[in-house]
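Residue numbers (the UniProt record's numbering): 1 to 124. Cβ atoms here follow ideal geometry from the backbone N, Cα and C, with glycine treated the same way. One structure is given here, and the rest of the page talks about it.
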Amino acid sequence: MSFLNNLKKVFHLGGGDAKKKRIFNNIRMDTDPADFWDMIGELGDGAFGKVYKAQNKETRQLAAAKMCTLEDEENLSDHMVEIDILSEIKHGNIVELYEAYSIDDKLWLRELALPQPQGLSVDR
């Protein structure tokens, strides 16, 4: 899906039949992120859910893991706009989406940890 089409969704411009079933190309459906990632601790709490510090079990890479509770398929579609855009954008000033998982009523977004300036820490 093109970046322009995603922007149209954000501003509700054009688009097809809203009742069509979405194909979620950028989400690993029915996959438990705990199979791949360890949650190290909570980093923050926001309007859409909590953000955790996570570490890949195989590579030990650190990442931010945002967990959102999904109420219905429409709620998942709303998050898809963010997922689709972040999947396509690669820029030094924008957090890179590493992968997304959906299992049960939870949506997990893995974003690569940003390099931190010397002397600063995001740990508590």
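Residue i beta carbon near the ligand COA (any heavy atom closer than 6 Å)
i: glutamate 42; result: The ligand COA is absent from the structure shown, which contains no ligands of any kind.
Given residue i as reference, the closest of the options once Cα atoms are compared
i: aspartate 84; options: Asp32, Glu96 and Glu73; result: Glu96
i: lysine 57; options: Asp104, Ala34 and Gly49; result: Ala34
i: aspartate 72; options: Asp104, Leu109, Asp45 and Thr59; result: Asp104
i: asparagine 25; options: Gly92, Ser87, Ile94 and Asn93; result: Ser87
Cut-off 6 Å between Cβ atoms - residues of its own chain near residue i, not counting five sequence neighbours on either side
i: leucine 76; result: Leu70
i: phenylalanine 48; result: Cys68
i: arginine 28; result: Tyr101
i: alanine 54; result: Trp37, Met39, Ala63 and Ala65
i: valine 51; result: Leu43, Gly44, Ala64 and Lys66
8 Å contact criterion, which residue i and residue j should meet: CB distance rounded
i: glutamate 82; j: tyrosine 98; result: Not confirmed; about 14 Å, so no contact.
Contacts around residue i, its chain only, beta-carbon distance under 7 Å, and the 5 residues preceding and following it disregarded
i: histidine 79; result: Cys68 and Leu107
Where residue i falls, given that 16 or more other Cβ within 10 Å makes a residue buried
i: lysine 90; result: exposed
i: glycine 15; result: Confidence in glycine 15 is poor, its pLDDT being 47 and thus under 50, which makes the residue's placement unreliable; the coordinate value appears in the next sentence. Label assigned to glycine 15: exposed.
is_contact[residue i, chain C] using C-beta, thresh 7 Å
i: aspartate 78; result: Going by chain labels, chain C is absent from the structure shown, which holds only one protein chain.
Report yes or no: do three or more beta-carbon pairs, one from the region 35-45 and one from the region 58-71, lie closer than 8 Å? yes
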